[in-house]
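Participant: Note that my numbering gives residue 1045 to position 436 of the sequence shown, counting from 1, and the numbers run on in steps of one.
The C-beta atom is built at its ideal place from N, Cα and C for all residues, glycine as well.
A quick note: this is a predicted structure, and the numbers were derived from the prediction, not measured.
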Amino acid sequence: MLCLACSTASAQFTFTEKSATPFPGVDNSSIAFADVNKDGHQDVLITGQNNEDNSISSFYLNDGEGGFKLKATPFAGVSSSSIAFADVDGKNGPDVLITGYTGIERIAKLYVNDGSGDFTEKMETPFAGVSAGSIAFADVDGENGPDVLITGGIISTETIASLYLNEGEGNFTEKTAGVSFVDVVFSSIAFADVDKDGHQDVLITGQNNSDSGNRAASLYINDGSGGFTLKATPFPGVSSGSIAFADVNRDGNEDVLITGWIFASGERISSLYLNDGSGVFTEKAETPFTGVRDGSIAFADVDGDGDQDVLITGNTGPKRIANLYLNDGSGGFTLKTTPFSGVNNSSIAFADVDGDDDPDVLITGDTGSGRIAKLYLNDQAPVFSSGNSASVPENTTAVLIVTADDDSETLTYSVSGGADRSLFSINRSSGALTFSTAPDFEATGSDAGNNTYVVEVTASDGVNDVTQTITVTVTDVNEAPVFADGASTLRSVDENTTSGNVGNPVAATDPERDAITYAIKSGNDANNFEIDTNGQITVKSGADLDHEGTESYTLTVTATDAGSNTATESTVTITVT
């Protein structure tokens, strides 16, 4: 198992290759995820040429934890393929269209889902069989559900770009009026509403076999009825590429990334174009993207920071790559190290296969030493949801409950640093942060000496660790006075004494140094004693102390500060001698 952590200022995540998957290595492939049996899990279809040089179409059901099991299907095995899921008949969930070369013929077969993940081929469709093409569903005319555009080679010297309108129930009719798409092979197509008029426009790239040197990157604007008009763009014509739309700078407009091969110059490109909202595009200069051909691209928010990151695979010329670029939110990208194997003749697709709300990724293609199909699980680090500061009164140990949000995984908390780390402890499971010993405002133990304590805590999900520095301010509490002699003390007085002090004062101290008022609360029934402002008990003038009559008196003395806080009472036993 291979594991590598990646981090940004806002998020941390780890991709880990999942071992022992049942997927066969393929290239000249296509992959697509969909929940075909309505169990809430993303299943996957893989087509392409395997390591035995056989063309396959293998379908796998997901158990919800990223474990997959091969399911028997009627799908024809293909390479140089394209696949796409869509609910074409509006009945039982995602159906699938498969194009490619079987080894005998080029096909374009539609399979209808019964809702449980069992498929039946729909016969007598109008689709032309193609290979080395691309397919994409979109509702281009606002009627009857998803329509489909198919590009590719129908024979070695003839290419198409055919739009088929859905007439309902999954029945399609080729549209010829109002469309004049460039016919291409080694192609890519993508729909997006580039001018924000509510209609799906389309970008088509590829090689036009009517002119072997002609490469296209043609944008067509939809009039809402499925009629399309070519729009001028700065896009260079490419073949053997990939295209994908995404709002990379969060301005609400669909931007586009184009990869592929420019025939005239032999240049490989990976060019990003920003959309002004009206369908006018400007190339973004100085991106870190490496130009590729024979690759695939896909956008996803892999680090959970709310913007679209991108994975690019393909052949740069010197090598094969699988480069992940993180988006800073404004459309600026940074290359991140990953465990992904570099591939060409590749396909990639993101989906949350293990139910943790993070996009995982499946990558197929040729590494140069063999064909692969590798699944990488994305684990995003915990994110603290509790605050980074707390204010607590002195003489208490509880600080706060540290909490973090994670992918429904069990978190472990620990104290990991900070100038005052030795003074704190934390419950590993609940996140309850406490002082090991209750702090004293008047005798601060903070490293800074100012009753401000600094501690660092860590939350771990077993793969990723995140830390948070917490500042704890200890506040003063108006504490009650404390008797110097404790809760009880002894004094004695001669029976013949009629006035004067009874031993030393029953003194108390106040932590805030407030003035103290003393009082005899009880035990002075004979009214023989009184106490002054210093806690000095005296024999009251005229008192009648008689050892034979009363051998001792037990007085309860209180001390109250200016804040009306009363100390624990002190019991003063006075022995009459």
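Mind checking who Q1145 pairs with in its DSSP beta bridge?
Facilitator: Here residue 1145 corresponds to residue number 536 of the sequence shown, with the count starting at 1. None; Q1145 has no bridge partner.
Participant: Does the distance from the C-beta atom of V1081 to that of V1064 stay below 8 Å?
Facilitator: As a working note, residue 1081 is residue 472 in the sequence shown. As a working note, residue 1064 is residue 455 in the sequence shown. Yes.
Participant: So, for G836: in the same chain, excluding its five sequence neighbours on each side, which residues have a beta-carbon less than 6 Å away from its beta-carbon?
Facilitator: Here the question's residue 836 lines up with position 227 in the sequence shown. Closer than 6 Å at the Cβ level, and outside the excluded window around G836, lie G787.
Participant: Round the Cβ separation of A1201 and F908 to the nearest angstrom and send it over; I've been treating them as touching at under 8 Å.
Facilitator: For the chain, the structure presents residues 610 to 1186; residue 1201 sits outside this window and is missing.
Participant: DSSP three-state label for R1122, please.
Facilitator: Along the sequence shown, read from residue 1 onward, the residue named residue 1122 stands at position 513. R1122: coil per DSSP, three-state reduction.
Participant: For V1001 and N1133, what's the separation of their Cα atoms in angstroms?
Facilitator: By 1-based counting over the sequence shown, the position of residue 1001 is 392. By 1-based counting over the sequence shown, the position of residue 1133 is 524. Those two C-alpha atoms are separated by around 41 Å.
Participant: Using a Cβ-Cβ cut-off of 6 Å (strictly less than) and excluding sequence neighbours within five positions of S689, which residues of its own chain qualify?
Facilitator: Taking the first residue of the sequence shown as position 1, residue 689 is located at position 80. N637, G709, Y710, S740, A741.
Participant: Judging by CA-CA distance, which residue of G1027, G979, I1183 is the nearest neighbour of L1190?
Facilitator: Any property of residue 1190 remains undetermined from this structure, which presents the chain solely from 610 to 1186.
Participant: Compute the distance between the beta-carbons of S743 and G761, then report whether it is under 8 Å.
Facilitator: On the sequence shown, position 134 is the one that residue 743 refers to. On the sequence shown, position 152 is the one that residue 761 refers to. In contact: S743 and G761 (Cβ atoms closer than 8 Å).
Participant: In whole angstroms, what is the alpha-carbon distance linking E863 and D802?
Facilitator: Translated into positions along the sequence shown, residue 863 becomes position 254. Translated into positions along the sequence shown, residue 802 becomes position 193. In a straight line, the C-alpha of E863 is about 7 Å away from that of D802.
Participant: Roughly how many whole angstroms lie between the Cα atoms of K945 and L933?
Facilitator: Within the sequence shown, the letter at position 336 stands for residue 945. Within the sequence shown, the letter at position 324 stands for residue 933. Taking the straight line from one Cα to the other gives about 6 Å.
Participant: Per DSSP, which one or two residues make a beta bridge with R1030?
Facilitator: In the sequence shown, residue 1030 corresponds to position 421, counting from 1. According to DSSP, R1030 bridges with nothing at all.
Participant: Which residues in the same chain have their Cβ closer than 7 Å to the Cβ of S1131, if we skip the five residues on either side of it in sequence?
Facilitator: Along the sequence shown, read from residue 1 onward, the residue named residue 1131 stands at position 522. Around S1131: T1165.
Participant: Who does S1131 pair with in a DSSP beta bridge?
Facilitator: For the purposes of this step, residue 1131 is taken as residue 522 along the sequence shown, with counting starting at 1. Partner(s): T1165.
Participant: Looking at C-alpha atoms only, which residue of D966, V970, D961, I867 is the closest neighbour of P948?
Facilitator: Position 339 of the sequence shown, counted from the first residue, corresponds to residue 948. Out of D966, V970, D961, I867, V970 has the C-alpha closest to the C-alpha of P948.
Participant: Excluding the 5 residues preceding and the 5 following S667 in the sequence, name in chain order all residues of the same chain whose CB lies nearer than 7 Å to its CB.
Facilitator: For this step, residue 667 is matched to residue 58 along the sequence shown. Closer than 7 Å at the Cβ level, and outside the excluded window around S667, lie P633, I655, L679.
Participant: Hey, could you find the ends of the beta strand (DSSP E) S994 is sitting in?
Facilitator: One-based indexing of the sequence shown puts residue 994 at position 385. Neither: S994 is in no beta strand (DSSP E) and is coded neither H nor E.
Participant: Short of 7 Å in beta carbon distance, which residues of its chain neighbour T1180, apart from the five on each side in sequence? Order them along the chain.
Facilitator: Here the question's residue 1180 lines up with position 571 in the sequence shown. Correct list, in chain order: A1096, S1097, T1163, T1165.
Participant: Quick one: what's P1002 bridged to in DSSP?
Facilitator: Position 393 of the sequence shown, counting from 1, holds the residue named residue 1002. Partner(s): T1084.
Participant: Can you grab the Cα-Cα spacing for the pair K627 / D652, in whole Å?
Facilitator: To locate residue 627, count along the sequence shown from 1; it is residue 18. To locate residue 652, count along the sequence shown from 1; it is residue 43. Going by the C-alpha atoms only, they are around 16 Å apart.
Participant: Would you check if the distance between the CB atom of G913 and the CB atom of Q989 is smaller than 8 Å?
Facilitator: Numbered from 1 along the sequence shown, position 304 holds the residue referred to as residue 913. Numbered from 1 along the sequence shown, position 380 holds the residue referred to as residue 989. Yes; because the gap between Cβ atoms is below 8 Å, this pair is in contact.
Participant: Please confirm whether P973 and I640 have their CB atoms less than 8 Å apart.
Facilitator: By 1-based counting over the sequence shown, the position of residue 973 is 364. By 1-based counting over the sequence shown, the position of residue 640 is 31. It should be noted that the sequence gives Thr, not Pro, for residue 973. Yes, the Cβ-Cβ distance between T973 and I640 is below 8 Å.
Participant: Under 7 Å Cβ to Cβ from I1035, same chain only, skipping five residues before and after it: list those, please.
Facilitator: By 1-based counting over the sequence shown, the position of residue 1035 is 426. Correct list, in chain order: V1011, Y1022, S1023, V1024, A1041, L1042, V1066.
Participant: For A614, which residues of its own chain have a beta-carbon under 6 Å away from its beta-carbon, when the five flanking residues on both sides are left out?
Facilitator: Taking the first residue of the sequence shown as 1, we reach residue 614 at position 5. Bear in mind that a pLDDT of 44 at A614, under 50, signals an unreliable position, so the number given afterwards is only what the model happens to contain. Excluding positions up to five away in sequence, the list reads T623.
Participant: Return helix, strand or coil for T1177, following the three-state DSSP convention.
Facilitator: As a position in the sequence shown, residue 1177 is number 568, starting the count at 1. It is coil, neither helix nor strand.
Participant: Taking Cβ to Cβ, would you say I1013 is nearer than 8 Å to F1033?
Facilitator: As a working mapping, residue 1013 is identified with position 404 in the sequence shown. As a working mapping, residue 1033 is identified with position 424 in the sequence shown. It should be noted that the sequence gives Ala, not Ile, for residue 1013. No, they are not a contact pair.
Participant: Report the partner residues of V645 according to the DSSP bridge assignment.
Facilitator: Reading the sequence shown from its first residue, position 36 is the one you call residue 645. DSSP output for V645 lists no bridge partner at all.
Participant: Could you say if the region 867-882 and the region 827-836 meet the contact criterion of at least three C-beta pairs nearer than 8 Å?
Facilitator: Not touching, per the Cβ criterion.
Participant: Can you tell me whether DSSP reads A1052 as helix, strand or coil?
Facilitator: Here the question's residue 1052 lines up with position 443 in the sequence shown. In the structure shown, A1052 sits in a helix (DSSP, three-state: H, G or I).
Participant: For V1086, which residues in the same chain have their Cβ closer than 8 Å to its Cβ, ignoring the five residues on either side in sequence?
Facilitator: Within the sequence shown, numbered from 1, the residue matching residue 1086 stands at position 477. So the list reads P1002, E1003, N1004, F1050, once near-sequence residues are dropped.
Participant: Between the beta-carbon of T922 and the beta-carbon of V952, is there less than 8 Å?
Facilitator: Residue 922 sits at position 313 when you count from the first residue of the sequence shown. Residue 952 sits at position 343 when you count from the first residue of the sequence shown. Their beta carbons are under 8 Å apart, which means T922 touches V952 by this criterion.
Participant: Of all the options D810, T814, K805, N780, which has the alpha carbon lying nearest to the alpha carbon of S796?
Facilitator: Here residue 796 corresponds to residue number 187 of the sequence shown, with the count starting at 1. The option with the nearest alpha carbon to S796 is T814.
Participant: Within 10 Å of its beta-carbon, does D966 have 16 or more other beta-carbons around it, so buried, or fewer, so exposed?
Facilitator: Along the sequence shown, read from residue 1 onward, the residue named residue 966 stands at position 357. Exposed is the call here.
Participant: Just the Cα atoms here: how many angstroms apart are G1027 and T1078?
Facilitator: For the purposes of this step, residue 1027 is identified with residue 418 of the sequence shown, where counting begins at 1. For the purposes of this step, residue 1078 is identified with residue 469 of the sequence shown, where counting begins at 1. Going by the C-alpha atoms only, they are around 7 Å apart.
Participant: What residue from A982, R715, N1137, H1156 has the CA that sits closest to K1149's CA?
Facilitator: Along the sequence shown, one-based indexing puts residue 1149 at 540. It is N1137 whose Cα lies nearest to the Cα of K1149.
Participant: Give the DSSP-derived three-state secondary structure of F622 in the structure shown.
Facilitator: Counted from its first residue, the sequence shown places residue 622 at position 13. Three-state result, F622: strand.
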